[in-house]
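Asker:
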Amino acid sequence: MTVANREAFFSALHSVLGNKPGLAVIHSSLAALAPPGGLEKWDALYAIDQLVRMGWTLVFPAFTFSFTRTGRFDCRNTPSETGILADWVKESFPQATRTRHPIYSFVVVGSLKQEISNCVSRTTFGDTSPFALFEKYNASIVMLGATWSSCTPFHRYEELAEVPYRHFKEFNGEIIRDGERINTKAVMYVRDLDLDARNDWSNLVQQLRSHDAIQTTPLWRAQIEATTMGEIAKSARSLLSDDPLSFIGNAAEVRHRLELRVEAARLEPFRIALLGSSNLDIAGHELMAQLKTLLPGRRCINYLAPFGQLGQQIMNSGSALWNFSAELTIFADRIEDLLGLPALDLAEPENALDAVQDYANLVCHYAKTNGGTIVVHRFSTTHTHNVERMNELRNITEQANKLLEDQLQSIPGVIWIDLATEYASGTAPYDPRLWHLGRIPYTKAFTAKISKRWAGIVLAQLGKTVRLLVLDLDNTMWGGVLGEDGPEGILLGGDFPGNAFSYFQRTIKSLAARGLALAVCSKNDESLALDVLENHAAMILRPDDLVAYRVNWQPKWQNIREIALSLDLGLESVMFIDDNPVEREAIKLNLPMVKVLDLPQDPTFYTDALLASPFLEVLQTGKEDRKRVASYKARQKINLERSSAASMEDFLCGLQMQLFIQPLNGDNITRAAQLCQKTNQFNTTTRRYSARDLDEMKSSGCDVAVVGLQDKFSERENIGLIILRPDREESAGVIDLFLMSCRVLGRTVETAVLNWASTRAHNRGWVKLRGEIIETPRNTPVRNVFEENGFHACELPGHWERNAAPALIPDWFALHDQF
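Those letters in the sequence shown? Residues 316 to 1134, by the numbering used here.
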């Protein structure tokens, strides 16, 4: 560095600090400055020496995050991991000292070094740390070529505000100082990795700039900027007071995960038993890992039978399996597992069928007394042999499957997984090394695949699968860009790749046939896109197949939010399909509750990617599922009629609504459980009951009433559930749960149902009818339902009460009361 550059370096640093000496914390990136001729160590130290002579105390970060892994920190010899300037100062200034914190140490030179070194740092950024002294002395915070993303003092205000995406974690180890080894611990305010919060300080930096609180001086190819700790404190506290997620770039995503965490903590964990005669430990861990990702709003726990003890666990009514009381049980054995053989080829047919008979008896015994949902694997072969032997083995598996199915046909609702189909995916299912090492039945890749299938069944069981596919157009429904290629130039039908897009459309249309609604969200010219959808000869999907569309140039996340709102559908029930990874990432960032399908680059594999999604799993397509698309379209007609009616009463009377109140039974129990699991917005308590739970409540004396609605636009559909639980000590009925689909809000259905409940309570001899609101982040629409329908507030917050007396339902309903 020339003398001129040395002076330039000193002058720039001095200019942002000012003439009044004090305390300065210097974060540096010397490489970013890129001075002509390079940066010499002694020229940089010259500037530091001049400032110290002027009375400045200078502090240089010398952080060592490696302590969190190694548990070892040598004050003298462990190098800084945050820039070389701290090491230069430590080596070259005899009066310099290094603080003792094993993670966030500083090299300090100047008159305040002893006070800073004496900080005990009970927590990393708290009031006994150097960061508190920086605030006390209103230190200058300097970014010497570094960006504000490196400004560690910002974290102090996250700790003081107790932001919800961090927590305290203790790291233990030893410090070596002057040759002495000292045990130590560091309590650090770390990120919660499950929330995946990503710091973004732009809000804070923008506010500092808007207050003219940042001084800037250009220097070579970068700049030096500085503010004061006081200004940082003032702005940071203000922002975090308004929003604790102000310093997070993916705030919507983190906020959603926090809401799911609250919901998960409130609910009982979902219990899964994974049963077999082989070693299923790896499969069990994989299933739990997948569910943690796919189902963050619900805790899941699993039970694995000890190796070789499946029969004992099932037949012993006091076993750990029986006490576990699984809500979903997966029987995952192959024939070779039942026989303890590495391959079916080694089995004698009679022995194989005898083992399957015993297995079927175990499954039947368990299913008849457990009461939860049962999943059973059909048998298949995993090895390749000559043609004759393959035919013989196929004959064995066919007989075994028939025997198993015949035995289990008396058990209602068994879910069958066809292993032959799963094997056909191309993922190698069997590795002889794993079997011989630990009786592990599947390869790692196939374990992941079959675990995804199991996870999809859990999602479907809990009503967490999607109801609406939102589709992009260009390079998703057809090849090419419509605005550039024109209707004649897009690729659809015919040869590759047009035939791949046609196949994808056919698959989507087949999904729609079983109740999955479709919408389009595309950045395109609306008239041009609709013309192609309507008139292109090769189009499979037509406008009549859609329940909504948004074709414009607005951000897609805004359009998707509008589509969901227009359908009264929660965003968690939406899946977005788009070939563009940038658009997909924007949805993930802004609408984290929406499921985003990551399409491969080759359209040939679009269909496989879609069908492999566990969020599309279907266990049984019910009548309500098939009516869903029609009900969404009917809602549009209803909204049109609402806008043209002379009055609200005329509108409601004109709908010709019929209200059905039906006891829980075999025909509606599946739908009732589905509503319990999926309904979030109009849901008084958000208690998640399974079919078994509902049946037990009915048997215990509760009225479990399924609410159905029919109007002139829609066939009858079960849209709600209300549970009246007797409180015999106080001669009262308690509304344990009241929920409805949001599609019927605005039609006074809730008033009709609550008036029916009042009459029902009176008929059962109860004096009072009570309700409860348990607030969740998503049930705002239901919070005033009791207050608006004749209930008065009790002393206990969230509890409401009215007299149990006969009450009329609104005149525009024809009531069909089956109680």
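Every residue, glycine too, gets a C-beta built ideally from N, C-alpha and C.
Keep in mind the model is a prediction, meaning the values are calculated, not measured.
As a quick exercise: from A1129, T1001, H1131 and A1006, pick the residue whose alpha carbon is nearest that of A580.
Answerer: The candidate whose alpha carbon is nearest that of A580 is T1001.
Asker: What are the complete alpha helix (DSSP H) segments, minimum 4 residues, inside the region 631-695?
Answerer: Within the region 631-695, the complete alpha helix (DSSP H) runs of at least 4 residues are 635-639, 650-654 and 664-685.
Asker: Within this structure, are the beta carbons of T985 and L1052 separated by less than 8 Å?
Answerer: No, the Cβ-Cβ distance between T985 and L1052 is not below 8 Å.
Asker: Assuming E887 and S946 are in contact, meaning their beta carbons sit under 8 Å apart, how far apart are those beta carbons, in whole angstroms?
Answerer: Rounded, the Cβ-Cβ distance is 19 Å, inconsistent with contact.
Asker: From the DSSP output, in three-state form, read off C1017 for me.
Answerer: C1017 falls in the coil class under three-state DSSP.
Asker: Any chance the region 865-884 sits against the region 814-827, with 3 or more Cβ pairs inside 8 Å?
Answerer: Flag = no, the region 865-884 and the region 814-827 do not touch.
Asker: Please name the residue, chosen from D652, V404 and N433, that lies closest to R754 on a Cα-to-Cα basis.
Answerer: Nearest C-alpha to R754: D652.
Asker: Return the chain-ordered ranges of every beta strand (DSSP E) run that is complete within the region 1055-1098 and spans a minimum of 3 residues.
Answerer: The region 1055-1098 contains these whole beta strand (DSSP E) runs: 1083-1087.
Asker: Where are the alpha helix (DSSP H) runs, 4 residues long or more, that stay fully inside the region 690-740, in chain order?
Answerer: Here the runs fully enclosed are 702-723 and 734-738.
Asker: May I ask you to report which of helix, strand or coil DSSP gives H1114?
Answerer: Strand.
Asker: Return yes when the Cβ of V781 is within less than 8 Å of the Cβ of L931, no when it is not.
Answerer: Yes.
Asker: Within the continuous beta strand (DSSP E) that includes H482, where are the two ends?
Answerer: First-last of the beta strand (DSSP E) with H482: R481 to R492.
Asker: If we count Cβ pairs, one from each stretch, closer than 8 Å, do we get three or more for the region 605-614 versus the region 770-789?
Answerer: Short answer: they touch.
Asker: Inspect the CB distances between the region 1108-1127 and the region 1073-1091 and report whether three or more fall short of 8 Å.
Answerer: At 8 Å Cβ cutoff, the stretches touch.
Asker: Which partner residues does Y618 have in the DSSP bridge list?
Answerer: Answer is A588, bridged to Y618.
Asker: Which runs of the beta strand (DSSP E) fall wholly inside the region 854-927 and span at least 3 residues, in chain order?
Answerer: Segments of the beta strand (DSSP E) lying fully in the region 854-927: 863-866, 889-893 and 910-913.
Asker: Helix, strand or coil: which one does DSSP assign to N514?
Answerer: Of the three classes helix, strand and coil, the one that applies to N514 here is strand, per DSSP.
Asker: Between the alpha carbons of V702 and R709, how many angstroms are there, rounded?
Answerer: When rounded, the distance between both Cα atoms is 10 Å.
Asker: Please report the straight-line C-alpha distance between L328 and S766, rounded to a whole angstrom.
Answerer: Going by the C-alpha atoms only, they are around 59 Å apart.
Asker: Consult DSSP for K948 and reduce its assignment to one of helix, strand or coil.
Answerer: Three-state result, K948: helix.
Asker: In terms of residue numbering, what span does the alpha helix (DSSP H) encompassing P822 cover?
Answerer: Position check: residue 822 holds Thr in this sequence, whereas Pro was assumed. Segment G813 to A828, the alpha helix (DSSP H) holding T822.
Asker: Excluding the five sequence neighbours on either side, which residues of its own chain have a C-beta within less than 6 Å of the C-beta of S407, listed in chain order?
Answerer: Counting only Cβ-Cβ distances below 6 Å, and skipping sequence neighbours, we find L360.
Asker: Report the three-state DSSP secondary structure of M369 (helix, strand or coil).
Answerer: Here M369 sits in coil by DSSP.
Asker: Using three-state DSSP, classify V340 as helix, strand or coil.
Answerer: The answer is strand: DSSP assigns V340 an E or B state.
Asker: How would you call H571, buried or exposed, if buried means at least 16 neighbouring beta carbons within 10 angstroms?
Answerer: Result: buried.
Asker: Between I563, T644 and I629, which lies nearest to L589 when the distance is taken from Cα to Cα?
Answerer: Closest option to L589, Cα to Cα, is T644.
Asker: Rank A411, A567 and F1128 by C-alpha distance to the C-alpha of A377 and give the top, closest one.
Answerer: A377 has its Cα closest to that of A411, out of A411, A567 and F1128.
Asker: DSSP three-state label for L788, please.
Answerer: L788: coil per DSSP, three-state reduction.
Asker: Looking only at its chain, what residues have a beta carbon closer than 6 Å to the beta carbon of A1047, apart from the 5 residues adjacent to it on each side?
Answerer: Contacts found: W1081, K1083 and R1085.
Asker: Can you tell me which residues form a DSSP beta bridge with S958?
Answerer: According to DSSP, which records beta bridges pairwise, S958 is partnered with nothing at all.
Asker: Any idea if C1109 is buried or exposed, counting beta-carbon neighbours within 10 angstroms, 16 or more meaning buried?
Answerer: By the 10 Å Cβ count, C1109 comes out exposed.
Asker: When DSSP labels each residue in this structure, what does I953 get in the three-state scheme?
Answerer: Residue state, collapsed to three classes: helix.
Asker: Is M316 helix, strand or coil by DSSP?
Answerer: Residue placement at M316 cannot be trusted, given a pLDDT of 48 that sits under 50; the coordinates are not used to answer.
Asker: Whose CA, out of K717, I726, Q722 and T697, lies closest to the CA of P747?
Answerer: Selected option, being the one with the closest Cα: T697.
Asker: In terms of alpha-carbon separation, which member of V1064, E1011 and L1009 lies closest to V1022?
Answerer: Comparing Cα positions, the closest option is V1064.
Asker: Considering Cα atoms alone, identify which of R437, Q971 and F639 is closest to R586.
Answerer: It is F639.
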